[in-house]
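What follows is one structure encoded as C-alpha coordinates, with my remarks underneath.
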Amino acid sequence: MSDDDNSPISARAAKQLFAELKSSPALVLAVSGGPDSVALMWLAARWRRSLSRGPQLTVVTVDHGLRPEAAREAREVKQLATELGLTHRTLRWRGVKPKRGLPAAAREARYRLLAQAARKAGASHVLTAHTRDDQAETLLMRLVRGSGLAGLSAMARRTERDGIVLARPLLDVPKSQLVATLKRAKIGFADDPTNRDTAFTRPRLRALLPQLAMEGGDARTLARLAVRLSRANAAVEVLVDGAERFLRLRARGDAPQAGSRRYEASAFAALPEEVRLRLLLRAVNAVGHEGPAELGKVETLMAALDQAIAAGPAGAAHGRAILKQTLSGALISLTGGRIHITPAPARRSKGTCKGT
(Lines of atoms letter the chains of each structure in order from A and count residues from 1; the text may use other names and numbers.)
(Lines give C-alpha, C1' and ligand atoms only; values in the text may rest on other atoms or scores of the structure.)
Protein backbone atom coordinates (compact mmCIF):
# COMPACT_ATOMS: atom_id res chain seq x y z
CA MET A 1 0.00 0.00 0.00
CA SER A 2 0.99 3.61 -0.52
CA ASP A 3 2.72 5.50 2.28
CA ASP A 4 0.04 8.17 1.80
CA ASP A 5 -2.82 6.92 3.94
CA ASN A 6 -5.22 9.34 2.25
CA SER A 7 -4.55 8.31 -1.36
CA PRO A 8 -6.99 6.12 -3.33
CA ILE A 9 -6.00 2.51 -3.97
CA SER A 10 -4.75 2.00 -7.51
CA ALA A 11 -5.85 -0.85 -9.76
CA ARG A 12 -2.35 -2.30 -9.53
CA ALA A 13 -2.40 -2.26 -5.72
CA ALA A 14 -5.86 -3.85 -5.73
CA LYS A 15 -4.54 -6.74 -7.84
CA GLN A 16 -1.94 -7.40 -5.17
CA LEU A 17 -4.62 -7.44 -2.48
CA PHE A 18 -6.57 -10.23 -4.19
CA ALA A 19 -3.77 -12.02 -6.08
CA GLU A 20 -3.74 -15.14 -3.90
CA LEU A 21 -7.48 -15.65 -4.46
CA LYS A 22 -7.29 -15.76 -8.26
CA SER A 23 -7.66 -19.54 -8.50
CA SER A 24 -10.59 -19.82 -6.08
CA PRO A 25 -13.79 -21.16 -7.68
CA ALA A 26 -16.04 -18.63 -5.95
CA LEU A 27 -15.83 -15.97 -3.25
CA VAL A 28 -18.38 -14.45 -0.90
CA LEU A 29 -17.94 -10.76 -0.06
CA ALA A 30 -19.36 -9.67 3.30
CA VAL A 31 -20.77 -6.18 2.64
CA SER A 32 -22.74 -4.24 5.25
CA GLY A 33 -22.95 -0.94 3.40
CA GLY A 34 -20.30 0.92 5.38
CA PRO A 35 -17.24 2.44 3.68
CA ASP A 36 -14.88 -0.47 4.36
CA SER A 37 -17.08 -3.23 2.97
CA VAL A 38 -18.39 -1.14 0.05
CA ALA A 39 -14.76 -0.45 -0.89
CA LEU A 40 -14.04 -4.18 -0.65
CA MET A 41 -16.90 -4.88 -3.07
CA TRP A 42 -15.87 -2.16 -5.52
CA LEU A 43 -12.19 -3.17 -5.49
CA ALA A 44 -13.01 -6.88 -5.85
CA ALA A 45 -15.36 -6.20 -8.76
CA ARG A 46 -12.70 -4.11 -10.53
CA TRP A 47 -10.11 -6.82 -9.93
CA ARG A 48 -12.45 -9.54 -11.22
CA ARG A 49 -13.12 -7.59 -14.43
CA SER A 50 -9.37 -7.44 -15.09
CA LEU A 51 -9.14 -11.25 -15.20
CA SER A 52 -9.84 -13.39 -18.24
CA ARG A 53 -10.97 -16.10 -15.84
CA GLY A 54 -11.54 -15.73 -12.14
CA PRO A 55 -13.77 -16.63 -9.21
CA GLN A 56 -17.50 -16.01 -9.15
CA LEU A 57 -18.26 -13.19 -6.70
CA THR A 58 -21.35 -13.20 -4.49
CA VAL A 59 -22.12 -10.25 -2.22
CA VAL A 60 -23.86 -11.07 1.07
CA THR A 61 -25.38 -8.51 3.44
CA VAL A 62 -26.42 -9.65 6.91
CA ASP A 63 -29.33 -7.72 8.41
CA HIS A 64 -29.13 -8.28 12.17
CA GLY A 65 -32.55 -6.73 12.70
CA LEU A 66 -31.11 -4.29 15.23
CA ARG A 67 -31.54 -1.00 13.33
CA PRO A 68 -34.48 0.17 11.21
CA GLU A 69 -32.05 1.58 8.62
CA ALA A 70 -30.45 -1.84 8.00
CA ALA A 71 -33.06 -3.01 5.47
CA ARG A 72 -32.63 0.16 3.39
CA GLU A 73 -28.84 -0.16 3.54
CA ALA A 74 -29.09 -3.77 2.33
CA ARG A 75 -31.18 -2.61 -0.64
CA GLU A 76 -28.58 0.05 -1.46
CA VAL A 77 -25.82 -2.58 -1.35
CA LYS A 78 -27.88 -4.77 -3.67
CA GLN A 79 -28.34 -1.89 -6.11
CA LEU A 80 -24.60 -1.15 -6.23
CA ALA A 81 -23.74 -4.87 -6.49
CA THR A 82 -26.12 -5.17 -9.45
CA GLU A 83 -24.50 -2.15 -11.13
CA LEU A 84 -21.13 -3.86 -10.68
CA GLY A 85 -22.45 -7.08 -12.20
CA LEU A 86 -22.38 -9.04 -8.94
CA THR A 87 -24.93 -11.41 -7.41
CA HIS A 88 -26.33 -10.20 -4.09
CA ARG A 89 -28.12 -11.89 -1.18
CA THR A 90 -29.52 -10.43 2.04
CA LEU A 91 -29.57 -12.77 5.04
CA ARG A 92 -31.42 -11.98 8.26
CA TRP A 93 -30.55 -12.87 11.83
CA ARG A 94 -33.84 -14.09 13.20
CA GLY A 95 -34.86 -15.05 16.70
CA VAL A 96 -34.56 -13.49 20.15
CA LYS A 97 -31.59 -11.15 20.61
CA PRO A 98 -29.64 -11.36 23.90
CA LYS A 99 -29.71 -8.37 26.25
CA ARG A 100 -26.09 -8.94 27.29
CA GLY A 101 -23.15 -9.58 24.99
CA LEU A 102 -25.10 -8.36 21.96
CA PRO A 103 -22.07 -7.39 19.79
CA ALA A 104 -20.46 -10.81 20.27
CA ALA A 105 -23.74 -12.63 19.59
CA ALA A 106 -24.35 -10.56 16.46
CA ARG A 107 -20.83 -11.31 15.25
CA GLU A 108 -21.31 -15.06 15.78
CA ALA A 109 -24.62 -14.96 13.91
CA ARG A 110 -23.03 -13.00 11.07
CA TYR A 111 -20.21 -15.48 10.56
CA ARG A 112 -22.59 -18.43 10.77
CA LEU A 113 -24.83 -16.95 8.07
CA LEU A 114 -21.84 -16.03 5.90
CA ALA A 115 -20.50 -19.58 6.12
CA GLN A 116 -23.90 -20.94 5.10
CA ALA A 117 -23.99 -18.56 2.13
CA ALA A 118 -20.48 -19.61 1.10
CA ARG A 119 -21.40 -23.30 1.10
CA LYS A 120 -24.51 -22.56 -0.94
CA ALA A 121 -22.49 -20.54 -3.47
CA GLY A 122 -19.71 -23.14 -3.66
CA ALA A 123 -17.26 -20.53 -2.37
CA SER A 124 -13.95 -21.45 -0.79
CA HIS A 125 -13.53 -18.11 1.01
CA VAL A 126 -15.54 -15.39 2.72
CA LEU A 127 -13.87 -11.99 2.38
CA THR A 128 -14.37 -9.43 5.12
CA ALA A 129 -13.32 -5.77 5.06
CA HIS A 130 -11.32 -5.60 8.30
CA THR A 131 -8.74 -2.82 8.04
CA ARG A 132 -5.55 -1.74 9.76
CA ASP A 133 -7.71 0.44 12.03
CA ASP A 134 -9.79 -2.60 13.03
CA GLN A 135 -6.59 -4.50 13.79
CA ALA A 136 -5.37 -1.71 16.07
CA GLU A 137 -8.72 -1.53 17.89
CA THR A 138 -8.81 -5.31 18.33
CA LEU A 139 -5.33 -5.27 19.85
CA LEU A 140 -6.41 -2.56 22.31
CA MET A 141 -9.58 -4.44 23.25
CA ARG A 142 -7.64 -7.60 24.00
CA LEU A 143 -4.90 -5.70 25.80
CA VAL A 144 -7.29 -4.10 28.29
CA ARG A 145 -8.91 -7.49 28.86
CA GLY A 146 -5.57 -9.04 29.75
CA SER A 147 -5.36 -11.45 26.83
CA GLY A 148 -2.37 -13.73 26.43
CA LEU A 149 0.08 -13.77 23.54
CA ALA A 150 -2.33 -15.59 21.22
CA GLY A 151 -5.08 -13.02 21.83
CA LEU A 152 -2.73 -10.07 21.40
CA SER A 153 -1.77 -11.40 17.97
CA ALA A 154 -5.19 -9.95 17.05
CA MET A 155 -6.66 -10.90 13.66
CA ALA A 156 -4.92 -13.13 11.14
CA ARG A 157 -5.10 -12.54 7.40
CA ARG A 158 -6.65 -15.99 6.99
CA THR A 159 -8.54 -18.18 9.45
CA GLU A 160 -10.88 -21.13 9.07
CA ARG A 161 -14.40 -21.20 10.45
CA ASP A 162 -17.10 -23.82 9.88
CA GLY A 163 -15.08 -25.31 7.03
CA ILE A 164 -14.79 -21.97 5.19
CA VAL A 165 -11.67 -19.79 4.97
CA LEU A 166 -12.16 -16.24 6.26
CA ALA A 167 -9.85 -13.90 4.35
CA ARG A 168 -9.10 -10.29 5.29
CA PRO A 169 -7.37 -8.80 2.23
CA LEU A 170 -7.60 -5.22 3.55
CA LEU A 171 -5.97 -5.91 6.92
CA ASP A 172 -2.92 -3.79 6.05
CA VAL A 173 -4.97 -0.98 4.49
CA PRO A 174 -5.98 2.13 6.50
CA LYS A 175 -9.65 3.05 6.49
CA SER A 176 -8.78 6.50 5.16
CA GLN A 177 -7.50 4.98 1.91
CA LEU A 178 -10.76 3.10 1.42
CA VAL A 179 -12.78 6.27 1.95
CA ALA A 180 -10.51 8.12 -0.50
CA THR A 181 -11.01 5.31 -3.04
CA LEU A 182 -14.80 5.57 -2.81
CA LYS A 183 -14.76 9.36 -3.03
CA ARG A 184 -12.71 9.27 -6.22
CA ALA A 185 -15.10 6.69 -7.69
CA LYS A 186 -18.06 8.81 -6.52
CA ILE A 187 -19.60 5.88 -4.62
CA GLY A 188 -21.71 6.52 -1.54
CA PHE A 189 -21.80 4.44 1.62
CA ALA A 190 -23.81 4.11 4.81
CA ASP A 191 -22.92 5.56 8.20
CA ASP A 192 -23.67 3.13 11.04
CA PRO A 193 -24.20 5.19 14.24
CA THR A 194 -23.42 2.17 16.42
CA ASN A 195 -19.78 2.66 15.39
CA ARG A 196 -19.82 5.77 17.59
CA ASP A 197 -22.08 4.42 20.35
CA THR A 198 -20.01 4.64 23.53
CA ALA A 199 -22.27 2.07 25.17
CA PHE A 200 -19.97 -0.46 23.47
CA THR A 201 -16.28 -1.09 24.15
CA ARG A 202 -14.89 -0.77 20.63
CA PRO A 203 -16.23 2.78 19.97
CA ARG A 204 -14.87 3.92 23.36
CA LEU A 205 -11.41 2.59 22.53
CA ARG A 206 -11.68 4.02 18.98
CA ALA A 207 -12.16 7.45 20.52
CA LEU A 208 -8.82 7.05 22.34
CA LEU A 209 -6.80 6.39 19.19
CA PRO A 210 -6.12 10.07 18.34
CA GLN A 211 -4.63 10.59 21.82
CA LEU A 212 -2.55 7.42 21.54
CA ALA A 213 -1.35 8.54 18.11
CA MET A 214 0.05 11.72 19.70
CA GLU A 215 2.26 9.44 21.83
CA GLY A 216 3.35 7.38 18.83
CA GLY A 217 0.72 4.68 19.23
CA ASP A 218 -1.15 5.21 15.97
CA ALA A 219 -3.02 2.48 14.10
CA ARG A 220 0.01 1.67 11.94
CA THR A 221 2.21 1.11 15.00
CA LEU A 222 -0.40 -0.94 16.85
CA ALA A 223 -1.07 -3.11 13.80
CA ARG A 224 2.67 -3.67 13.39
CA LEU A 225 2.82 -4.74 17.04
CA ALA A 226 0.02 -7.24 16.40
CA VAL A 227 2.03 -8.72 13.51
CA ARG A 228 5.13 -9.04 15.68
CA LEU A 229 3.17 -10.70 18.45
CA SER A 230 1.65 -13.04 15.88
CA ARG A 231 5.14 -14.10 14.80
CA ALA A 232 6.12 -14.78 18.41
CA ASN A 233 2.90 -16.70 18.97
CA ALA A 234 3.55 -18.87 15.92
CA ALA A 235 7.03 -19.66 17.23
CA VAL A 236 5.66 -20.70 20.62
CA GLU A 237 3.10 -22.94 18.91
CA VAL A 238 5.96 -24.76 17.14
CA LEU A 239 7.59 -25.34 20.54
CA VAL A 240 4.32 -26.66 21.94
CA ASP A 241 3.94 -29.06 19.02
CA GLY A 242 7.44 -30.37 19.68
CA ALA A 243 6.81 -30.67 23.41
CA GLU A 244 3.62 -32.61 22.75
CA ARG A 245 5.48 -35.10 20.55
CA PHE A 246 8.21 -35.40 23.20
CA LEU A 247 5.70 -36.15 25.95
CA ARG A 248 3.96 -38.75 23.81
CA LEU A 249 7.28 -40.49 23.19
CA ARG A 250 8.01 -40.49 26.93
CA ALA A 251 4.59 -42.04 27.52
CA ARG A 252 5.11 -44.83 24.93
CA GLY A 253 3.85 -48.10 26.36
CA ASP A 254 1.77 -46.13 28.85
CA ALA A 255 -0.98 -45.07 26.46
CA PRO A 256 -4.09 -43.45 27.99
CA GLN A 257 -7.60 -44.58 27.27
CA ALA A 258 -9.20 -43.28 24.07
CA GLY A 259 -10.19 -39.62 24.29
CA SER A 260 -7.81 -38.90 27.17
CA ARG A 261 -4.32 -37.48 27.66
CA ARG A 262 -1.54 -38.65 29.97
CA TYR A 263 1.79 -36.92 30.64
CA GLU A 264 4.78 -37.89 32.73
CA ALA A 265 4.72 -35.26 35.47
CA SER A 266 8.50 -34.75 35.76
CA ALA A 267 8.90 -34.30 31.98
CA PHE A 268 5.94 -31.90 31.91
CA ALA A 269 7.34 -29.85 34.80
CA ALA A 270 10.68 -29.41 33.01
CA LEU A 271 9.08 -27.52 30.12
CA PRO A 272 8.88 -23.68 29.96
CA GLU A 273 5.84 -22.23 31.69
CA GLU A 274 4.13 -20.91 28.55
CA VAL A 275 4.59 -24.28 26.81
CA ARG A 276 3.12 -26.13 29.82
CA LEU A 277 0.19 -23.73 29.91
CA ARG A 278 -0.63 -24.24 26.22
CA LEU A 279 -0.27 -28.00 26.47
CA LEU A 280 -2.73 -28.00 29.36
CA LEU A 281 -5.11 -25.68 27.49
CA ARG A 282 -4.99 -27.90 24.38
CA ALA A 283 -5.63 -31.04 26.42
CA VAL A 284 -8.53 -29.58 28.39
CA ASN A 285 -10.18 -28.24 25.23
CA ALA A 286 -9.63 -31.54 23.38
CA VAL A 287 -10.91 -33.78 26.18
CA GLY A 288 -13.50 -31.55 27.87
CA HIS A 289 -17.11 -31.25 26.76
CA GLU A 290 -18.12 -27.83 28.12
CA GLY A 291 -16.58 -25.47 25.58
CA PRO A 292 -13.22 -23.65 25.46
CA ALA A 293 -11.50 -23.16 28.80
CA GLU A 294 -10.78 -19.63 30.02
CA LEU A 295 -7.09 -18.80 30.05
CA GLY A 296 -7.21 -17.47 33.63
CA LYS A 297 -8.76 -20.69 34.90
CA VAL A 298 -6.14 -22.78 33.11
CA GLU A 299 -3.43 -20.62 34.72
CA THR A 300 -4.95 -21.29 38.15
CA LEU A 301 -5.13 -25.01 37.39
CA MET A 302 -1.50 -25.10 36.26
CA ALA A 303 -0.34 -23.30 39.42
CA ALA A 304 -2.06 -25.98 41.51
CA LEU A 305 -0.60 -28.70 39.31
CA ASP A 306 2.92 -27.26 39.56
CA GLN A 307 2.59 -27.10 43.33
CA ALA A 308 1.39 -30.69 43.50
CA ILE A 309 4.23 -31.93 41.28
CA ALA A 310 6.80 -30.04 43.38
CA ALA A 311 5.40 -31.62 46.56
CA GLY A 312 6.53 -35.02 45.29
CA PRO A 313 4.90 -38.43 45.70
CA ALA A 314 4.04 -37.97 49.38
CA GLY A 315 0.30 -38.26 48.92
CA ALA A 316 0.37 -41.03 46.36
CA ALA A 317 1.76 -43.90 48.42
CA HIS A 318 -1.49 -45.79 48.17
CA GLY A 319 -2.40 -44.74 44.65
CA ARG A 320 -4.38 -41.73 45.83
CA ALA A 321 -4.54 -38.68 43.58
CA ILE A 322 -2.43 -35.78 44.82
CA LEU A 323 -4.56 -33.39 42.77
CA LYS A 324 -8.00 -33.81 41.27
CA GLN A 325 -9.88 -30.94 39.60
CA THR A 326 -12.42 -30.42 36.82
CA LEU A 327 -12.35 -27.67 34.22
CA SER A 328 -14.56 -27.18 31.14
CA GLY A 329 -15.79 -30.76 31.25
CA ALA A 330 -12.33 -32.31 31.74
CA LEU A 331 -11.06 -34.09 34.85
CA ILE A 332 -7.41 -33.37 35.63
CA SER A 333 -5.61 -35.49 38.20
CA LEU A 334 -2.05 -36.21 39.34
CA THR A 335 -1.49 -39.80 40.38
CA GLY A 336 1.61 -41.96 40.50
CA GLY A 337 3.82 -39.41 38.76
CA ARG A 338 1.38 -39.05 35.86
CA ILE A 339 -0.91 -36.20 34.86
CA HIS A 340 -4.23 -37.67 33.68
CA ILE A 341 -6.72 -35.61 31.68
CA THR A 342 -9.97 -37.46 31.03
CA PRO A 343 -13.58 -36.48 30.26
CA ALA A 344 -15.36 -35.45 33.44
CA PRO A 345 -18.71 -37.06 34.26
CA ALA A 346 -21.56 -35.04 32.78
CA ARG A 347 -23.20 -32.64 35.20
CA ARG A 348 -26.64 -33.72 36.34
CA SER A 349 -29.33 -31.17 35.58
CA LYS A 350 -31.08 -29.64 38.58
CA GLY A 351 -34.36 -31.10 37.47
CA THR A 352 -33.14 -34.71 37.37
CA CYS A 353 -34.83 -37.07 39.82
CA LYS A 354 -33.23 -40.20 41.27
CA GLY A 355 -36.35 -42.30 41.05
CA THR A 356 -39.27 -42.74 38.69
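Going by the working numbering, the final residue of the sequence shown carries number 1024, and the count climbs one at a time with no gaps. Where is the CB? At the ideal position from N, CA and C, for every residue including glycine.
Closest residue to residue i among the options (Cα-Cα distance)
i	options	result
GLU751	VAL706, ALA789, ASP886, GLN975	VAL706
THR1003	LEU948, ILE990, VAL764, PRO861	ILE990
ARG918	ALA938, ALA971, LYS683, ILE977	ALA938
VAL955	PRO1011, PHE914, VAL966	PRO1011
LEU949	PRO940, HIS957, GLU958, LEU963	LEU963
LEU890	PHE914, ARG760, ALA822	ALA822
GLU741	ARG836, ALA858, ARG787, LEU877	ALA858
SER718	ILE832, PHE686, PRO842, ALA797	PHE686
ILE832	SER792, ALA903, HIS957	SER792
VAL895	LEU999, GLY997, ALA824, THR796	ALA824
ALA749	LEU697, ARG760, HIS798	LEU697
GLU932	PRO871, GLY997, ILE1009, GLU967	ILE1009
PRO723	ALA867, ARG836, LEU795	LEU795
LEU734	GLY790, LYS767, TRP715	LYS767
CA-to-CA distance, residue j to residue i, given in whole angstroms
i	j	result
HIS756	ALA679	23 Å
ILE677	ARG826	22 Å
HIS731	VAL908	One detail in the question is off: residue 731 reads as Asp in this sequence, not His. Their backbone Cα atoms lie some 41 Å apart in a straight line.
LYS683	PHE936	48 Å
ASP886	THR994	43 Å
LYS951	ARG721	The sequence given here places Ala at residue 951; Lys does not occur at that position. Distance between the alpha carbons of ALA951 and ARG721: 45 Å.
LEU839	GLN803	7 Å
GLY884	ALA976	45 Å
GLY980	ILE1007	13 Å
LEU708	VAL699	8 Å
ALA881	VAL812	17 Å
ALA978	LEU915	18 Å
GLU912	ARG810	27 Å
ARG930	LEU945	15 Å
PRO1028	GLU941	Nothing about residue 1028 can be reported from this structure: the residues present for the chain run from 669 to 1024 only.
VAL728	GLY959	29 Å
SER670	LEU846	With a pLDDT of only 46 at SER670, under 50, the local geometry of the prediction cannot be trusted, and no value is derived from it.
VAL904	ARG778	31 Å
VAL764	ALA773	11 Å
ALA797	ALA972	43 Å
LYS1057	PRO878	Here the chain comprises residues numbered 669 to 1024, so residue 1057 is not present and cannot be evaluated.
ALA690	ARG743	At residue 690 the sequence reads Lys, which differs from the Ala that was named. Spanning the two alpha carbons is a distance of roughly 28 Å.
Host beta strand (DSSP E) of residue i (start-end)
i	result
SER1025	A question about residue 1025 goes unanswered here, because the residues of the chain that appear run from 669 up to 1024.
ALA976	Here ALA976 belongs to no beta strand (DSSP E); instead the alpha helix (DSSP H) covers 963–978.
VAL952	From DSSP, VAL952 is part of no beta strand (DSSP E) but of the alpha helix (DSSP H) over 941–955.
LEU995	991–995
GLU932	929–932
Extent of the continuous alpha helix (DSSP H) to which residue i belongs
i	result
THR889	887–918
ARG775	770–789
GLY819	817–820
TRP1044	With the chain running from 669 to 1024 in the structure shown, residue 1044 is simply not present.
LEU811	800–812
LEU877	869–882
THR849	843–853
LEU685	679–686
DSSP bridge partner residues for residue i (one or two, in chain order)
i	result
LYS698	The amino acid at residue 698 is misidentified as Lys; the sequence shows Ala. Bridge partners of ALA698: VAL728.
GLN747	DSSP lists no partner for GLN747.
THR755	THR726
ALA835	LEU795, ARG826
THR1010	LEU999
ARG760	ASP731
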